[in-house]
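Protein chains in written order, with our numbering: chain A, 1 to 167; chain B, 1001 to 1120.
Here it is, written out as structure tokens:
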């Protein structure tokens, strides 16, 4: 009984942010739900192996990201394309015009980012993860996190300058 | 470090998060205080970051998702427990059968007197 309650408590705390992460990666409600469920399924089977209970959140995000990459690899329909180096100033998107965008438009812009950058950018905004935590979730070095964030944000802001707020 | 380099570094700065603990960002932030143009850019950047963060967090999970996860977990747990019970009962039955079979097959022959020992 205690284990059931523990499972329900972990779900209650983390299913929302995990779904948001999954949806930002996939832009598909059904896929996002599947990924979230699959993550908790793996948690139910292997979560007891986690010694440090404070790492539950990172563990769940890492697992979801791995599942996402695994599914993408199986589909093999997303070839990896390197972005040009981000140079120069960040494109100036006035905060007021960003304010006029809705979440849907932001997600649409995010979906045009290469997957490699998208995951880092979503974790950056969604969860207030530190650079080190993002490195842990994505299993990449700290320097790579910073360069992916710089390039990803640069590209995202470029995309946002072309989005017209809905009237 | 000049103003352009500082902007590049501060691209990944978020207000309200411990990003300033990063030495590179801390150095860029110290430049912000002494450069009015950079300071204006930085204020806009922080406002933009806050808005983007808020917008992304507005994505709401489907109402039924939590219940679905919990009920599927409960169903899986019940099924696993049933499988465990069936396996256990099967194992006990197999042991009992093996013991009975062994008892029948390898029991020492009894020394009951044969009919020829009772003449008449």
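Heads up, the beta-carbon is just placed ideally off N, CA and C, and yes, glycines get one too. None of the values given here were measured: they were computed from a predicted structure.
What's the call for residue i, buried or exposed, on a 16-neighbour Cβ count within 10 Å?
i, result
"residue 127 of chain A", "buried"
"residue 1100 of chain B", "exposed"
"residue 146 of chain A", "buried"
"residue 1028 of chain B", "buried"
"residue 68 of chain A", "buried"
"residue 1061 of chain B", "buried"
"residue 32 of chain A", "buried"
"residue 1021 of chain B", "exposed"
"residue 1004 of chain B", "exposed"
Select from the options the residue whose C-alpha is nearest the C-alpha of residue i.
i, options, result
"residue 148 of chain A", "B:1011, B:1004 and B:1001", "B:1011"
"residue 100 of chain A", "B:1008, B:1031, B:1091 and B:1055", "B:1055"
"residue 1006 of chain B", "B:1023, B:1017 and B:1018", "B:1023"
"residue 22 of chain A", "A:62, A:155 and A:162", "A:62"
"residue 1074 of chain B", "A:6, A:161 and A:160", "A:6"
"residue 73 of chain A", "A:115, A:37 and A:105", "A:115"
"residue 117 of chain A", "A:153, A:71 and A:45", "A:153"
"residue 170 of chain A", "A:124, A:156, A:36 and A:30", "Lying before the first or after the last residue shown, residue 170 of chain A is absent from chain A, which here runs from 1 to 167."
"residue 1030 of chain B", "B:1002, B:1091, B:1107 and B:1017", "B:1002"
"residue 121 of chain A", "A:25, A:55 and A:45", "A:25"
"residue 11 of chain A", "B:1046, B:1026, B:1018 and B:1067", "B:1067"
Residues in its own chain within less than 7 Å of residue i by CB, not counting five upstream and five downstream?
i, result
"residue 132 of chain A", "142"
"residue 60 of chain A", "14, 18, 39 and 43"
"residue 65 of chain A", "119, 137 and 138"
"residue 57 of chain A", "14"
"residue 112 of chain A", "159"
Short of 6 Å in beta carbon distance, which residues of its chain neighbour residue i, apart from the five on each side in sequence? Order them along the chain.
i, result
"residue 1032 of chain B", "1038, 1039 and 1042"
Members of the stretch 1017–1039 of chain B near chain A, C-beta cut-off 7 Å | 1017, 1018 and 1022
Using a Cβ-Cβ cut-off of less than 7 Å, list which residues of the stretch 1036–1062 of chain B approach chain A; keep chain order.
-> 1044, 1047, 1048, 1051, 1052, 1053, 1055, 1056, 1057, 1058, 1059, 1061 and 1062
For the stretch 1076–1106 of chain B, which residues have a CB atom closer than 9 Å to at least one CB atom of chain A, in sequence order?
-> 1076 and 1077
What residues in the stretch 31–57 of chain A bring their beta carbon closer than 7 Å to a beta carbon of chain B?
-> 33, 36, 37, 40 and 44
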